[in-house]
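Residue numbers (full-length UniProt numbering), protein chains in the order written: chain A, 1 to 316; chain B, 1 to 130.
In structure tokens, the structure reads:
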């Protein structure tokens with residue numbers, strides 16, 4: 001009997017081994033050591049390490065608050081991890097979710113910028129001295145084990161990343177292993193910067209949304225330096241100059257606002273809302289003729305703000 | 001949540017309509033500028049509908065967070081710090097959003113598979129495999 005069964009067992013085992021190796025091959029196929037763009041490879045320092053990022057060992061499920069405390073403390077925000085737990089942790093989920101991670105940064109007076117999903121962007125920020133919060137799935141997609149950590153250094157020669165992670169400070173992870181776990185969160189990462197600083201690779205739209213969301217919570221005064229920095233970086237962004245004009249006007253700088261609105265419409269003549277605000281500020285300054293011109297242009301342009309422009313023009 | 005939406009939507013629409021009527025009927029000319037946030041959301045699409053959705057989203061998120069055990073005293077400030085986009089995301093898919101620090105079911109098979117993938121450098125579950 002035993003003899004008769006042996007080959008079957010052997011075949012089954014072989015089949016099993018084959019299946020497993022095939023499956024693992026497929027998995028490893030998606031997890032090669034990530035390559036950097038040639039451009040990044042040339043310009044990045046060979047290694048970098050941000051000194052003085054405080055380490056907070058996480059308790060149970062609190063890698064979210066711990067990671068936040070590390071980046072916020074590093075940037076000079078004096079907030080204890082214990083204070084952050086009730087602000088970001090969700091007991092029912094035994095964890096913290098991405099939107100609230102960003103919102104909590106905002107609450108503490110820093111602007112959260114989500115980076116674009118590449119190792120290049122991550123390393124570039126580290127080289128610029130900005131610790132980066134990353135989200136990883138340390139396990140497989142079928143049994144996720146989500147985790148936040150703070151990337152603080154790297155070594156290109158060794159292909160290694162250095163992270164404050166979980167209960168371990170300055171943990172070293174190979175790019176390959178890190179990227180495999182990071183890719184499962186669609187390479188989600190963010191930096192927390194003071195208004196006035198911008199991440200180097202951020203896109204215009206993303207930065208615009210991030211700063212605008214910050215302004216909604218903290219008002220124009222606190223956000224003004226961010227708009228100044230934004231328009232210096234994206235000098236052709238008409239929306240950026242429009243936002244700068246609004247922030248300047250709200251902080252009592254009418255001439256500065258007029259200048260910004262003028263720059264805005266110089267870059268995009270059909271931005272009705274900028275013409276409208278330009279007209280309204282000119283009107284408030286008593287420059288009736290110029291106001292009439294600006295409002296006239298706003299009233300010509302179809303869109304959401306046309307009725308308001310017409311109304312303002314009629315009142316003149 | 002559906003019933004809440006059905007009940008709140010008309011109220012909100014009414015409130016917003018009345019709000020805009022009183023503004024346009026005001027005797028004094030309003031010289032208030034269009035805010036950056038309003039301009040940006042108008043660039044994205046229908047501003048009024050977004051506004052209603054946003055208010056609904058935020059109340060929904062508050063309820064969901066309280067149901068998930070978040071302290072009542074904290075919940076309002078937490079929701080206030082969310083951007084419109086984040087509030088919408090939370091309202092629509094809080095259950096599906098990955099939460100940092102979930103745990104793995106401790107099945108033996110899972111343990112073995114993860115052990116192998118850990119050794120292969122695909123995962124990072126067990127500290128002793130590095």
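Note that beta-carbon positions come from the ideal geometry of N, C-alpha and C, so glycine has one too.
Under 8 Å from the C-beta of residue i: neighbouring residues of chain B
i: residue 51 (chain A); result: Within chain B, no residue comes near residue 51 (chain A); the closest Cβ sits about 24 Å away, beyond 8 Å.
i: residue 90 (chain A); result: 65, 68, 69, 70 and 99
i: residue 174 (chain A); result: 121
i: residue 140 (chain A); result: 113, 114, 117, 122 and 123
i: residue 209 (chain A); result: 40, 83 and 85
Residue i versus residue j: straight-line alpha-carbon distance, rounded
i: residue 69 (chain A); j: residue 163 (chain A); result: 14 Å
i: residue 54 (chain A); j: residue 36 (chain B); result: 36 Å
i: residue 84 (chain A); j: residue 109 (chain B); result: 36 Å
i: residue 102 (chain B); j: residue 160 (chain A); result: In this prediction, residue 102 (chain B) has a pLDDT of 48, which is less than 50 and means its spatial position is unreliable; nothing more can be read from the coordinates.
i: residue 175 (chain A); j: residue 34 (chain A); result: 7 Å
i: residue 76 (chain B); j: residue 62 (chain B); result: 7 Å
i: residue 271 (chain A); j: residue 308 (chain A); result: 14 Å
i: residue 37 (chain A); j: residue 125 (chain A); result: 15 Å
i: residue 185 (chain A); j: residue 252 (chain A); result: 43 Å
i: residue 127 (chain B); j: residue 88 (chain A); result: 27 Å
i: residue 206 (chain A); j: residue 82 (chain A); result: 31 Å
i: residue 40 (chain A); j: residue 257 (chain A); result: 38 Å
i: residue 109 (chain A); j: residue 196 (chain A); result: 12 Å
i: residue 211 (chain A); j: residue 192 (chain A); result: 12 Å
i: residue 155 (chain A); j: residue 48 (chain A); result: 7 Å
i: residue 112 (chain B); j: residue 169 (chain A); result: 27 Å
i: residue 136 (chain A); j: residue 183 (chain A); result: 7 Å
i: residue 245 (chain A); j: residue 114 (chain A); result: 25 Å
i: residue 74 (chain B); j: residue 92 (chain A); result: 15 Å
i: residue 276 (chain A); j: residue 75 (chain A); result: 38 Å
i: residue 65 (chain A); j: residue 96 (chain A); result: 8 Å
i: residue 104 (chain A); j: residue 78 (chain B); result: 7 Å
i: residue 179 (chain A); j: residue 114 (chain B); result: 17 Å
i: residue 121 (chain A); j: residue 45 (chain A); result: 14 Å
i: residue 39 (chain B); j: residue 201 (chain A); result: 25 Å
i: residue 222 (chain A); j: residue 285 (chain A); result: 24 Å
i: residue 188 (chain A); j: residue 134 (chain A); result: 6 Å
i: residue 165 (chain B); j: residue 140 (chain A); result: Nothing in the structure corresponds to residue 165 (chain B), since chain B is present only between 1 and 130.
i: residue 263 (chain A); j: residue 147 (chain A); result: 44 Å
i: residue 117 (chain B); j: residue 149 (chain A); result: 20 Å
i: residue 122 (chain B); j: residue 177 (chain A); result: 6 Å
Within chain A, partners of residue i - CB distance below 8 Å
i: residue 80 (chain B); result: 217
i: residue 59 (chain B); result: By Cβ distance, chain A contributes nothing, its closest Cβ being about 16 Å from residue 59 (chain B), past 8 Å.
i: residue 89 (chain B); result: 99
Residues that residue i bridges to, as DSSP identifies them
i: residue 136 (chain A); result: A:147
i: residue 162 (chain A); result: A:153 and A:172
i: residue 324 (chain A); result: Because chain A here runs from 1 to 316, residue 324 (chain A) falls outside it and cannot be looked at.
i: residue 90 (chain A); result: A:95
i: residue 199 (chain A); result: BP columns for residue 199 (chain A) are empty, so no partner.
i: residue 111 (chain A); result: A:193
Neighbouring residues, chain A, relative to residue i (Cβ below 7 Å)
i: residue 39 (chain B); result: 242 and 273
i: residue 56 (chain B); result: Per Cβ cutoff of 7 Å: no residues; residue 56 (chain B) is ~16 Å from chain A at best.
Residue i: contacting residues in chain B (beta-carbon distance under 9 Å)
i: residue 249 (chain A); result: 33
i: residue 246 (chain A); result: 33, 34, 35, 36 and 39
i: residue 135 (chain A); result: 98 and 100
i: residue 277 (chain A); result: 33, 34 and 39
i: residue 181 (chain A); result: 122, 123 and 124
Chain-ordered neighbours of residue i on chain A, where CB pairs are closer than 9 Å
i: residue 86 (chain B); result: 98, 99, 100, 102, 103 and 213
i: residue 53 (chain B); result: Simply none; closest approach about 16 Å.
Closer than 7 Å at the beta carbon, the chain B residues around residue i
i: residue 106 (chain A); result: 81
i: residue 87 (chain A); result: 74 and 78
i: residue 185 (chain A); result: 98
i: residue 177 (chain A); result: 121 and 124
Handout entry: Residues from the segment 146-167 of chain A in contact with chain B, defined by Cβ distance under 7 Å
Key = 146, 147 and 148
Handout entry: Positions along the segment 279-306 of chain A whose CB lies within less than 8 Å of some CB in chain B
Key = 280, 281, 283, 284, 303, 304 and 305
Problem - Contact list for the segment 62-78 of chain A against chain B, Cβ threshold 9 Å - result: Going along the segment 62-78 of chain A in chain order, one finds 62, 63, 64 and 67 with a Cβ nearer than 9 Å to chain B.
Problem - Length-filtered (3 minimum) beta strand (DSSP E) runs lying within the segment 31-57 of chain A - result: Fully enclosed beta strand (DSSP E) runs of 3 or longer: 47-49.
Problem - Segments of 4+ residues assigned as alpha helix (DSSP H) that fall wholly inside the segment 250-282 of chain A - result: 254-267
Problem - Ranges of the alpha helix (DSSP H) found wholly within the segment 71-126 of chain B, counting only runs of at least 4 - result: 72-80, 84-93 and 108-119
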